[in-house]
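Undergrad: Take 15 as the starting number for the sequence shown in my numbering and just add one per residue.
Attaching a single structure in structure tokens format; questions to follow.
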Amino acid sequence: MAEKFYKRLLAGAVIILALLLAGCGVKVRVSSPLTGGETGGNLKVHFIDVGQGDSTLIEQNGHFMLIDAGEKDQGETVVSYLEKQGVKKLDYVIGTHPHSDHIGGLSEVLKAFEVGRVIMPAKEHTIRIYENLLDEIARQNLKITLPKVGNTYELGASSFQIIAPVRDYGDNLNNWSVGIRLTYGETGFVFCGDAEKEAEGDIIGSGLDLKADVLKISHHGSSTSSSSRFMDMVDPDYGVISCGKNNDYGHPHKEIRSMLKKRSIKSFRTDELGTIIAVSDGKTVTFPGQETEDLTGKGAGLENQEYVINTNTRKFHYPDCSSATSMKKENRKTYTGTREDVIKMGYEPCQICSP
Ligand SMILES: [Zn+2]
Ligand SMILES: [Zn+2]
């Protein structure tokens with residue numbers, strides 16, 4: 015008798031357990047149709063406009079992570095942006111490297127939100143802002159996770175792999191930047207802070223998969239980064255440049271702008287567009303609201319575009335090229351049409367602005 019009872023109880027428990035498990039399964043599916051896909055909704059990447067600096071919020075199925083928070087005076091901007099996105103907890107906070115335009119606003123962020131894991135490189139810096147950040151991390155009883163190349167972490171249904179820093183870079187703080195490759199379904203994003211060409215070489219050398227749809231152009235579009243080998247490996251369709259309007263460094267540098275055009279990488283700049291949002295459904299990446307702003311479609315040579323022609327040298331330029339602005343009036347002609355047309359007219363593209 016008693017044995018039967020226990021057997022029934024056990025059977026009941028199994029059924030309840032099965033129902034609970036099924037319930038969980040249903041729950042997962044219920045939350046996803048709102049945003050689509052079996053992967054649990056979309057992945058959203060917000061390149062927050064923090065002027066000259068970096069701050070990127072990544073969101074997947076209610077999970078959030080933040081990479082950098084701009085200068086100290088941008089802390090509030092970042093916190094209020096995150097609040098608007100419904101952030102309560104950040105699963106991960108990455109401080110790419112101890113430069114103030116990256117970690118400046120992080121103390122403010124740590125004060126405002128619950129944080130799971132803080133990832134920062136094993137490179138200290140003596141600036142006050144960095145020391146204050148370490149104090150804040152200690153005050154919150156958080157520990158710093160050192161980035162180990164190859165390690166992978168999950169963020170909702172997306173995941174990211176640490177790709178940098180590969181080694182010790184002495185006093186070159188930029189090269190210490192924590193780099194990650196974030197993947198969601200078939201789509202990928204690469205973020206490498208301010209990593210310069212030397213660090214990019216090491217990243218390539220580590221042999222990890224770097225292919226991505228979107229690359230956050232390293233070091234605000236400085237020509238010290240984005241080596242052609244690195245660009246070949248990542249081979250992005252889109253490049254996002256985070257920089258301040260009329261910044262003191264001339265970012266993004268002309269070499270990088272023309273390299274992006276040459277490679278037909280559609281690029282978006284926070285100094286021109288403010289905060290930029292990329293959305294991945296696991297198959298393709300889109301930039302809602304930005305589609306009409308074809309900033310580098312020029313590179314394809316099929317759209318109409320204004321060119322400045324030098325009738326003497328037989329070269330053609332983008333109107334903002336230095337050679338175009340300094341050209342002798344009598345040789346200068348403007349032409350609006352496709353790149354193909356200008357070439358058919360017998361002109362050669364300028365080596366500097368590479369139209
Ligand atoms: Zn920077
Ligand atoms: Zn830096």
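Ideal Cβ placement from N, Cα and C applies to all residues, glycine included.
1) Collect the residues with a C-beta less than 5 Å away from any heavy atom of ligand 1 and give them in sequence order along the chain.
2) How about residue 113: is its Cβ closer than 8 Å to a heavy atom in ligand 2?
3) Does the Cβ-Cβ distance between residue 106 and residue 132 come in under 9 Å?
4) Is residue 120 near ligand 2 - that is, is its Cβ less than 8 Å away from at least one heavy atom of it?
5) Assuming residue 325 and residue 347 make a contact with CB atoms under 8 Å, what is their CB distance in whole Å?
6) Give every residue of the same chain whose Cβ lies closer than 7 Å to the Cβ of residue 318, excluding the five residues on either side of it in the sequence, and list them in chain order.
7) Which complete beta strand (DSSP E) runs does the segment 147-197 hold, if anything under 3 residues is left out?
8) Using CA coordinates, which residue listed in 211, 174, 214 and 234 is at the minimum distance from residue 113?
9) For residue 85 and residue 115, which I take to be in contact (beta-carbon distance under 8 Å), what is that distance rounded to the nearest angstrom?
10) Report, in whole angstroms, the separation of the C-beta atoms of residue 216 and residue 188, which I expect to be a contact under 8 Å.
11) Going straight from the alpha carbon of residue 363 to that of residue 295, what length do you get?
12) On a CA-only basis, which of 169, 151, 152 and 181 is nearest residue 162? Give me that one, please.
13) Measuring alpha carbon to alpha carbon, tell me which residue in 98, 225, 272 and 155 is nearest residue 374.
14) By the 10 Å Cβ neighbour count, where 16 or more other Cβ atoms means buried, how is residue 260 classified, buried or exposed?
15) Does the segment 186-205 come close enough to the segment 270-287 that 3 or more CB-CB pairs lie under 8 Å?
16) Bridge partners for residue 7 per DSSP, in chain order?
17) Just reading off the beta strand (DSSP E) that residue 79 is part of, what are its end residues?
18) Under 8 Å Cβ to Cβ from residue 243, same chain only, skipping five residues before and after it: list those, please.
19) Could you tell me the distance, in whole angstroms, from the CA atom of residue 32 to the CA atom of residue 291?
20) Measuring CB to CB, does residue 104 end up less than 9 Å from residue 130?
21) Using a Cβ-Cβ cut-off of 7 Å (strictly less than) and excluding sequence neighbours within five positions of residue 172, which residues of its own chain qualify?
22) Which residue marks the beginning of the beta strand (DSSP E) containing residue 320, and which one marks its end?
23) For ligand 2, is there any heavy atom lying closer than 8 Å to the beta carbon of residue 261?
24) Taking the beta carbon of residue 90 as the centre, do at least 16 other beta carbons fall within 10 Å, making it buried, or is it exposed?
25) Is the closest heavy atom of ligand 2 to the C-beta of residue 147 under 8 Å?
26) Note down, in chain order, each residue of its chain lying with its Cβ closer than 7 Å to the Cβ of residue 269, except the 5 sequence neighbours on either side.
27) Name the DSSP beta bridge partners of residue 91, please?
28) For a quick check, are the C-beta atoms of residue 275 and residue 240 less than 9 Å apart?
29) Excluding the five sequence neighbours on either side, which residues of its own chain have a C-beta within less than 7 Å of the C-beta of residue 143, listed in chain order?
30) Suppose the cutoff is 7 Å on Cβ atoms and the five residues either side in sequence are ignored; what does the same chain contact list for residue 345 look like?
31) With distance defined between alpha-carbon atoms, name the residue in 110, 228 and 272 nearest to residue 247.
32) Can you tell me whether residue 329 is buried or exposed? The criterion is at least 16 other CB atoms within 10 Å of its CB, across all chains shown.
33) Could you tell me which of 150, 255 and 193 sits nearest to residue 62, measuring between CA atoms?
34) Among 108, 77 and 221, which one has its Cα closest to the Cα of residue 147?
35) Quick check: is the beta carbon of residue 348 nearer than 9 Å to any beta carbon in chain C?
36) Whose C-beta lies closer than 6 Å to the C-beta of residue 288 among residues of the same chain, with five residues either side of it excluded?
TA: In short:
1) 115 and 208
2) yes
3) yes
4) no
5) 6 Å
6) 350, 351 and 352
7) Whole beta strand (DSSP E) segments, 3+ residues: 166-169 and 172-178.
8) For residue 113, the nearest C-alpha among the options comes from 234.
9) 5 Å
10) Contact flag wrong, Cβ pair sits at about 13 Å.
11) 38 Å
12) 181
13) Because the chain is modelled from 15 through 369, residue 374 falls outside the range shown and cannot be assessed.
14) Residue 260 should be labelled exposed.
15) no
16) Residue 7 lies beyond the stretch modelled for the chain, which goes from 15 to 369, so this question has no answer here.
17) 77-81
18) 214, 215 and 218, listed in sequence order.
19) Note that residue 32 scores a pLDDT of 39, beneath 50, so its modelled location is shaky and nothing firm can be said.
20) yes
21) 57, 74, 196, 197 and 198
22) 319-324
23) no
24) Counting Cβ neighbours within 10 Å, residue 90 comes out exposed, since fewer than 16 surround it.
25) Distances from the CB of residue 147 to the heavy atoms of ligand 2 are all 8 Å or more.
26) 237
27) Paired residue(s): none; residue 91 is not in a bridge.
28) no
29) Only 86, 114, 117 and 118 meet the Cβ criterion.
30) Within the same chain, residue 345 has close Cβ partners 324, 325 and 326.
31) 228
32) buried
33) 255
34) 108
35) Given the protein chain composition of this structure (a single chain), no chain C is represented.
36) 63
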